[in-house]
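These protein sequence lines map, in sequence, to chains U and P. For the first sequence, our numbering begins at 62 and goes up steadily by one. For the second sequence, our numbering begins at 83 and goes up steadily by one. Quick reminder that beta carbons are idealized off the backbone N, C-alpha and C, glycines included.
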Amino acid sequence: MFHALTSARRALADRGLIFNIHPAPDRSVIYCDAPEGRKVVGLLRGSRARYRNAEARVERALRRGLFTLRHTAVIPYMHYASSLRTLRAYVKADWVGAWVDGATERRIREILGSKAVGPLVIKEWVRVSLLMKT
Amino acid sequence: MRGVQTDPEGVELTVFDRLFPLAGKRLLEIGCGDGRLTAALAERARSVVALDPDRRAVGEARRTLPRRLRKRVRFEVGRAESLPYADGAFDAVLFSWSL
C-alpha cells in the first residue's frame with residue numbers, strides 16, 4: 062500500500078493535499094453504559110500490526126521527501142452498539158481480525174444482565190494526518 | 083449495521099472542516115466504501131471521484147447518494163495502487179481508513 066501513496070501523489074496537483082485517517086496502533090477500549098455511569102469492561106482483542114504498518118507507510122513517504130507533514134493528531138472515535146450480540150456481529154463484520162474476549166463478555170453480562178441488552182461503546186483511537194505534496 | 087452507530091458525534095467531519103479545506107477542490111476519495119462520507123464530502127468539494135475496490139459497496143454508495151449531488155460525484159471501482167487518473171488531476175486526496 063506504499064504504492065497507493067506514490068500513486069496518489071502522481072494524481073495530485075502541485076502542493077496538493079492528502080488527508081489520511083486510519084486507526085492508531087493503540088488498543089480500542091470497550092465500555093458499558095451502566096446506570097451509575099460509563100464503565101470500562103475490556104479491550105478489543107486482535108492484532109494491531111496493520112495499523113502500525115499504515116503509520117510506517119506515511120513515515121516512509123515523509124522520509125523520502127514525497128510530502129511534508131502539515132498536521133497530525135490522534136483523536137478518539139466512538140462506535141455504539143445496542144447489545145452484546147450486536148457488538149459481536151459488528152466487530153466480526155467490520156473489523157479485520159478483532160474480537161471481544163470471554164472475560165469482557167462476562168463483565169458486560171454482570172452489568173447488563175444475562176441478555177446483555179444495553180448501550181455498549183468502543184472507543185477507538187484514530188490517527189489523522191495532513192500531508193502536502195512537495 | 084442495525085443497532086450500531088459510528089461516530090454520531092461527527093468527529094470525523096469536524097476534523098475535516100478544521101484541517102482539510104475542500105471548497106473549490108477536486109477531491110479523490112480512496113476507500114469510499116458504501117458512501118458513508120461521500121455525500122458530506124460532495125457538499126464541501128467542487129467535485130468528488132469516489133473509489134473503492136468493493137463493487138457491491140460502490141453500488142450501494144451510488145444508490146444512496148442524494149440526487150442533488152449526483153452531478154458532482156463519480157463512483158468508480160478500483161484500487162489505490164493503480165490509479166488511472168492524469169497527473170495533477172486532483173487538488174486533494176482522502177485516504178479514508180484505506181492506507
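Examine chain P for any beta-carbon lying closer than 8 Å to the beta-carbon of residue i, and answer yes or no.
i, result
"G98 (chain U)", "no"
"T147 (chain U)", "yes"
"S108 (chain U)", "no"
"V189 (chain U)", "yes"
"L73 (chain U)", "yes"
"M139 (chain U)", "yes"
"A115 (chain U)", "yes"
Tell me whether residue i sits in a helix, a strand or coil according to DSSP, three-state version.
i, result
"V131 (chain P)", "strand"
"R118 (chain P)", "coil"
"A105 (chain P)", "coil"
"S68 (chain U)", "helix"
"V190 (chain U)", "Checking the sequence, you will find Ser at residue 190 (chain U) rather than Val. Three-state DSSP puts S190 (chain U) in a strand."
"R109 (chain U)", "coil"
"A162 (chain P)", "helix"
"L173 (chain U)", "helix"
"L123 (chain P)", "helix"
What does residue i pair with, by DSSP beta-bridge criteria?
i, result
"V97 (chain P)", "For V97 (chain P), which the question treats as bridged, DSSP gives no partner whatsoever."
"F80 (chain U)", "U:L191 and P:L176"
"K100 (chain U)", "U:C93"
"E185 (chain U)", "U:Y138"
"L110 (chain P)", "P:V131 and P:V175"
"L73 (chain U)", "P:F172"
Assuming residue i and residue j are in contact, meaning their beta carbons sit under 8 Å apart, how far apart are those beta carbons, in whole angstroms?
i, j, result
"R111 (chain U)", "V157 (chain U)", "7 Å"
"G115 (chain P)", "D89 (chain P)", "Contact flag wrong, Cβ pair sits at about 14 Å."
"I91 (chain U)", "V161 (chain U)", "7 Å"
"K194 (chain U)", "D94 (chain U)", "Their Cβ separation, rounded to whole angstroms, is 44 Å, which puts K194 (chain U) and D94 (chain U) out of contact at 8 Å."
"V175 (chain P)", "A69 (chain U)", "5 Å"
"A121 (chain P)", "P148 (chain P)", "6 Å"
"F80 (chain U)", "R118 (chain U)", "That pair is no contact at about 15 Å."
"A124 (chain P)", "R154 (chain P)", "5 Å"
Looking at chain U, is there any beta carbon in it that lies within less than 8 Å of the beta carbon of residue i?
i, result
"T146 (chain P)", "no"
"G170 (chain P)", "yes"
"P135 (chain P)", "no"
"V97 (chain P)", "yes"
"D116 (chain P)", "no"
"V155 (chain P)", "no"
"S164 (chain P)", "yes"
"G85 (chain P)", "yes"
"V93 (chain P)", "yes"
"A143 (chain P)", "no"
"L101 (chain P)", "yes"
"S129 (chain P)", "no"
Is residue i near the ligand MG, going by C-beta to nearest heavy atom under 7 Å?
i, result
"Y138 (chain U)", "Inclusion of the ligand MG in the displayed structure is not the case, the ligand content being empty and no account of it being possible."
Entirely enclosed beta strand (DSSP E) segments - the stretch 132 to 159 of chain P, minimum 3 residues: 155 to 159
Segments of 4+ residues assigned as alpha helix (DSSP H) that fall wholly inside the stretch 114 to 170 of chain U: 145 to 155
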